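Asks: Quick note, in full-length UniProt numbering, the sequence shown goes up one by one and the last residue is 623. Backbone N, C-alpha and C fix where the C-beta goes; we use that ideal spot for every residue, glycine too. If you're wondering where the values come from, they're calculated on a predicted model, not measured in any experiment.
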Amino acid sequence: MCGICGIWNPFDAASGRTRIDRMLESIVHRGPDGAGRFEQPGINLGMRRLAIIDLSGGDQPIFNEDRSVAVVFNGEIYNFRELRAQLEQSGHRFTTRSDTEVLVHGYEQWGDDLLHRLAGMFTFALWDHNKRRLLIARDRFGKKPLYYSRLGRELVFGSEIKALLAAGVSADLDDNALQHYLSLRYVPAPQTLFRSIMQLPPGHKIVLGDNEFAVERWWRLSYEPKTTYSLTEAADAVEQLMRTAVQRRLVSDVPLGCFLSGGLDSSTVLSFMSELTDEPVRTFSIGFDEGWASDELPAARSTAQAFGARHHEMRLSPGEFLRSLPAAVWHRDEPLAEPSEIPLMALSRMAREHVTVVLSGEGGDELFGGYPKYRVDSLLARAGRMGRGVMGEHRLHSLAAWHRLPRRARMAVTALATADPAERWPAWFGADRQVRLSANGLRPLDSVLDSIDGNMGSLDRMLALDVETYLADNLLVRGDKMTMAASIESRMPLLDHDLAEFVARLPEQLKASPRQAKIVVREIAKRRLPASLLSRKKIGFAVPISPWFRDELGDALEHYTLGRDARPDPLVAPDRVRRALALHRAGRYDFGKELWSLLTLDVWARIYLDGADPASISLARGD
Numbered sequence: 001m002c003g004i005c006g007i008w009n010p011f012d013a014a015s016g017r018t019r020i021d022r023m024l025e026s027i028v029h030r031g032p033d034g035a036g037r038f039e040q041p042g043i044n045l046g047m048r049r050l051a052i053i054d055l056s057g058g059d060q061p062i063f064n065e066d067r068s069v070a071v072v073f074n075g076e077i078y079n080f081r082e083l084r085a086q087l088e089q090s091g092h093r094f095t096t097r098s099d100t101e102v103l104v105h106g107y108e109q110w111g112d113d114l115l116h117r118l119a120g121m122f123t124f125a126l127w128d129h130n131k132r133r134l135l136i137a138r139d140r141f142g143k144k145p146l147y148y149s150r151l152g153r154e155l156v157f158g159s160e161i162k163a164l165l166a167a168g169v170s171a172d173l174d175d176n177a178l179q180h181y182l183s184l185r186y187v188p189a190p191q192t193l194f195r196s197i198m199q200l201p202p203g204h205k206i207v208l209g210d211n212e213f214a215v216e217r218w219w220r221l222s223y224e225p226k227t228t229y230s231l232t233e234a235a236d237a238v239e240q241l242m243r244t245a246v247q248r249r250l251v252s253d254v255p256l257g258c259f260l261s262g263g264l265d266s267s268t269v270l271s272f273m274s275e276l277t278d279e280p281v282r283t284f285s286i287g288f289d290e291g292w293a294s295d296e297l298p299a300a301r302s303t304a305q306a307f308g309a310r311h312h313e314m315r316l317s318p319g320e321f322l323r324s325l326p327a328a329v330w331h332r333d334e335p336l337a338e339p340s341e342i343p344l345m346a347l348s349r350m351a352r353e354h355v356t357v358v359l360s361g362e363g364g365d366e367l368f369g370g371y372p373k374y375r376v377d378s379l380l381a382r383a384g385r386m387g388r389g390v391m392g393e394h395r396l397h398s399l400a401a402w403h404r405l406p407r408r409a410r411m412a413v414t415a416l417a418t419a420d421p422a423e424r425w426p427a428w429f430g431a432d433r434q435v436r437l438s439a440n441g442l443r444p445l446d447s448v449l450d451s452i453d454g455n456m457g458s459l460d461r462m463l464a465l466d467v468e469t470y471l472a473d474n475l476l477v478r479g480d481k482m483t484m485a486a487s488i489e490s491r492m493p494l495l496d497h498d499l500a501e502f503v504a505r506l507p508e509q510l511k512a513s514p515r516q517a518k519i520v521v522r523e524i525a526k527r528r529l530p531a532s533l534l535s536r537k538k539i540g541f542a543v544p545i546s547p548w549f550r551d552e553l554g555d556a557l558e559h560y561t562l563g564r565d566a567r568p569d570p571l572v573a574p575d576r577v578r579r580a581l582a583l584h585r586a587g588r589y590d591f592g593k594e595l596w597s598l599l600t601l602d603v604w605a606r607i608y609l610d611g612a613d614p615a616s617i618s619l620a621r622g623d
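#1: Taking the alpha-carbon positions, what's the Arg424 to Leu471 distance?
#2: Which partner residues of Lys205 appear in the DSSP bridge assignment?
#3: How should Leu534 be labelled, buried or exposed, when 16 other C-beta atoms within 10 angstroms of its C-beta is the threshold for buried?
#4: Alpha carbons only, please: which of Thr303, His331, Leu146 is nearest the one belonging to Leu529?
#5: Could you tell me how far apart the beta carbons of Arg22 and Asn44 are, in whole angstroms, since I believe they sit closer than 8 Å?
#6: Reducing DSSP to helix, strand and coil, say where Pro188 ends up.
#7: Quick check: Asp496 and Arg150, are their CB atoms within less than 8 Å of each other?
#8: Pick out whichever of Val358, Gly263, Phe284 has its Cα sitting closest to the Cα of Gly370.
#9: Would you kindly work out how many angstroms separate the C-alpha atoms of Pro188 and Gln89, rounded to a whole number?
#10: Using a threshold of 8 Å, state whether the C-beta atoms of Met492 and Lys131 are closer than that.
#11: Straight-line CA distance for Met386 to Ala70?
#12: Inspect the beta-carbon positions of Arg578 and Leu562 and report whether they are closer than 8 Å.
#13: How about Phe73 and Phe122: are their beta carbons less than 8 Å apart?
#14: Just to confirm, is the Cβ distance from Gln109 to His92 under 8 Å?
#15: If we ignore side chains and look at the alpha-carbon of each, how far apart do Ala177 and Leu164 end up?
#16: Measure how close the beta-carbons of Leu499 and Glu362 come, nearest whole angstrom, since I'm counting them as under 8 Å.
#17: Buried or exposed: which applies to Ser340, given that a residue is buried once 16 or more other Cβ atoms fall within 10 Å of its Cβ?
#18: Can you check which of these residues, Asp236, Gly319, Asp99, is closest to Asp555 by C-alpha distance?
#19: Taking only the alpha-carbon atoms, compute the straight-line gap between Arg19 and Thr277 and give it to the nearest angstrom.
#20: Assuming Arg48 and Ile27 form a contact by the criterion Cβ under 8 Å, report the distance between their Cβ atoms to the nearest whole angstrom.
#21: With Leu115 and Tyr148 assumed to form a contact (beta carbons below 8 Å), what rounded beta-carbon distance in angstroms separates them?
#22: State the Cα-Cα distance for the pair Asp420 and Pro280, rounded to the nearest angstrom.
#23: Between the alpha carbons of Ser447 and Val251, how many angstroms are there, rounded?
#24: Could you name the residues of the same chain whose beta carbon sits closer than 6 Å to that of Trp219, not counting the 5 residues immediately before and after it, in chain order?
#25: Could you tell me the alpha carbon to alpha carbon distance between Ala586 and Arg536, rounded to whole angstroms?
#26: Does the segment 318 to 336 come within contact of the segment 602 to 614, defined as at least 3 CB pairs closer than 8 Å?
#27: Just to confirm, are Pro10 and Gly42 a CB contact at a threshold of 8 Å?
#28: Relative to the C-alpha of Leu24, which residue among Val477, Gly364, Gly6 is closest?
#29: Could you have a look at residue 625 and say whether DSSP puts it in helix, strand or coil?
#30: According to the neighbour-count rule (16 or more other Cβ atoms, all chains shown, within 10 Å of its Cβ), is Asn211 buried or exposed?
#31: Assign Leu396 to one of three DSSP states: helix, strand, or coil.
#32: Reducing DSSP to helix, strand and coil, say where residue 664 ends up.
#33: Would you mind listing the alpha helix (DSSP H) stretches within the segment 212 to 276 that are 4+ residues and don't spill past its ends, in chain order?
#34: Quick one: any contact between the segment 467 to 485 and the segment 222 to 236, if contact means 3 or more CB pairs under 8 Å?
#35: What's the C-alpha gap between Phe124 and Pro547?
#36: Where does Phe321 sit, in a helix, a strand or coil, going by DSSP?
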């Protein structure tokens, strides 16, 4: 795991070296074990290294035999040993034990088709001196981030937005992206909140040469053609693919552990880790004040005990949560889409005291159909719609199956039946920004929806949409930034591409139904997990944000965002925020998520638009 950066500018090569140094300094947390640089006329590359494999010999950049191909790389290639064996048989000579080296030799052998042979998580920048060609690529699901800015003939890129800002890229706000953030609580690729900065979408590559610039998709998860497995056959195959995926991710020259929530996904990952390792697995969990209904610590503790793990846990108070908010925003580069980003950063820092790599259950909900909204697919199909804001709520309530659905599933249906959230948010803006936003009429997810095969089943369409947006642009970015804040690597076996490609093509009825989510995963879990875990209702990792906004977080919003220290140019209308906070504190409405979006947006604006030092921002009582 590392951080990479680079500058392509054939007309101003002299300034590249000092700018690369500033970029590397801004992402030192991503790679505290060392730095590397590469410079040729017109091209400068840099990387920060967190040593995981070949601790002494894996420094970058890494070259081919005649040094005509160079690469800087962030991530892990889990099948590098198999690829290395193939390449050595073809005559390539390796000088390190690092997974990175397969990239330069693989590019020589297969060109850009190398990408399809890689199993892992990655972004990399590869320079071909003979062709004067730069190849930048991002992994299939977007586990590793990559941002870029193109101004004239210059391209600046890096693993984090702050690296581009350190190189002098403008930090001007993109109002359209701000609307997307307030609608979705994240910004879908390729946009960011910065007008001059784009994010490379998952499964895409950039090809750049003296007379060429192209952004191209190289992979997309396919849900067709469908297989015809029975539930038992599907569970047998998926279980073996899961075992292989976990085994791939146990390759490391440093200690490993597991993030454990107590839910099905992370518990299943732990079951395979325990089976495949000789030593007890170190597990790490976090919770909040005792008595919180969504506290998963007891379940995580019980699961760890069942598998003989060495368990570590911690609790986070509202004060600790608020004190961590500015640093978390700085690491994220954008407002925190989910309040769970802060406990993830705290959990990562605790885990870093014991291990350098952790495995997690991320991606299980989006791949296997774990959210309540997926359970209503047959109900929506019976009504004849997918539910993109066109199905009246009264029509759903009239269906006989409606009242048999769990409360959370009914809430999900209601959300699908209401208008697009983008239509609810403009009232939070000031009048001048409302005019600019209403003029464009943008709906942030329409382009993705339009590109998804309309002949697919409605459940698969929902899954595909979430994989390409919510998972890629929110959850995986969160996972990367918050673990890298602690210089720890997170691996996600449930997003192994072989596993994902198999699961995507399973019949919809093996993924979710109105009565059950994650049907295949539950079948596997029956074989591997304690019965007490199987009987638990899905809780999810929820932060008690709503009660906290009636207390300490509400004070922070009132005094910091609305009080004497308020920004002179607020991004949202203060009177709207004040009214929402009053209604929330009175218990008349639950505006917890909206208030969270506004508080973290305000902190982000101070750091990235106003230039405030995160350490100077005090939100907790008594600070």
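Replies: Judging by the given coordinates:
#1: Only weak support is given to the placement of Arg424: the predicted model assigns it a pLDDT of 44, under 50, and the value that follows is read from those uncertain coordinates. In this structure, the alpha-carbon of Arg424 lies about 23 Å from that of Leu471.
#2: Lys205 pairs with Ala137, Glu216.
#3: It counts as exposed.
#4: Selected option, being the one with the closest Cα: Thr303.
#5: The C-beta distance from Arg22 to Asn44 rounds to 12 Å, too long to meet the 8 Å contact threshold.
#6: Coil.
#7: No. Outside cutoff.
#8: Its Cα nearest to that of Gly370, the residue Gly263 stands out among Val358, Gly263, Phe284.
#9: Straight-line Cα distance between these residues: approximately 43 Å.
#10: Contact: no.
#11: Reliability fails at Met386, whose pLDDT of 46 lies under 50, so the model's placement of it is uncertain and no value is given.
#12: Their beta carbons are under 8 Å apart, which means Arg578 touches Leu562 by this criterion.
#13: Against a cut-off of 8 Å, the Cβ pair of Phe122 and Phe73 comes out as a contact.
#14: With a cutoff of 8 Å on beta-carbon distance, Gln109 and His92 are scored as near each other.
#15: The alpha-carbon atoms of Ala177 and Leu164 are separated by roughly 18 Å.
#16: About 13 Å; that fails the 8 Å criterion.
#17: Buried.
#18: Among Asp236, Gly319, Asp99, the Cα nearest to that of Asp555 is on Gly319.
#19: Annotation: Arg19 to Thr277 spans about 44 Å, alpha carbon to alpha carbon.
#20: Indeed they touch by this definition, with Cβ atoms about 6 Å apart.
#21: Their Cβ separation, rounded to whole angstroms, is 18 Å, which puts Leu115 and Tyr148 out of contact at 8 Å.
#22: Because Asp420 sits at a pLDDT of 45, beneath the cut-off of 50, its placement in the model cannot be relied upon, and the point is left open.
#23: Going by the C-alpha atoms only, they are around 38 Å apart.
#24: Arg140, Gly203, listed in sequence order.
#25: Going from the Cα of Ala586 to the Cα of Arg536 covers about 32 Å.
#26: The answer is yes - the segment 602 to 614 touches the segment 318 to 336, with three or more Cβ pairs under 8 Å.
#27: Closer than 8 Å, so yes.
#28: The residue from Val477, Gly364, Gly6 with its alpha-carbon nearest to that of Leu24 is Gly6.
#29: Because the chain spans 1 through 623 in this model, residue 625 falls outside it and cannot be assessed.
#30: Asn211 is exposed by the Cβ-count criterion.
#31: Low confidence applies to Leu396: its pLDDT is 48, below 50, so where it sits in the model is not reliable, and the reading given next is rough at best. Reduced to three states, the DSSP call for Leu396 is helix.
#32: Absent from the structure is residue 664, since the part of the chain shown begins at 1 and ends at 623.
#33: Runs found: 231 to 248, 264 to 276.
#34: The answer is no - the segment 222 to 236 does not touch the segment 467 to 485, with fewer than three Cβ pairs under 8 Å.
#35: The C-alpha of Pro547 is placed about 43 Å away from the C-alpha of Phe124.
#36: Reduced to three states, the DSSP call for Phe321 is helix.
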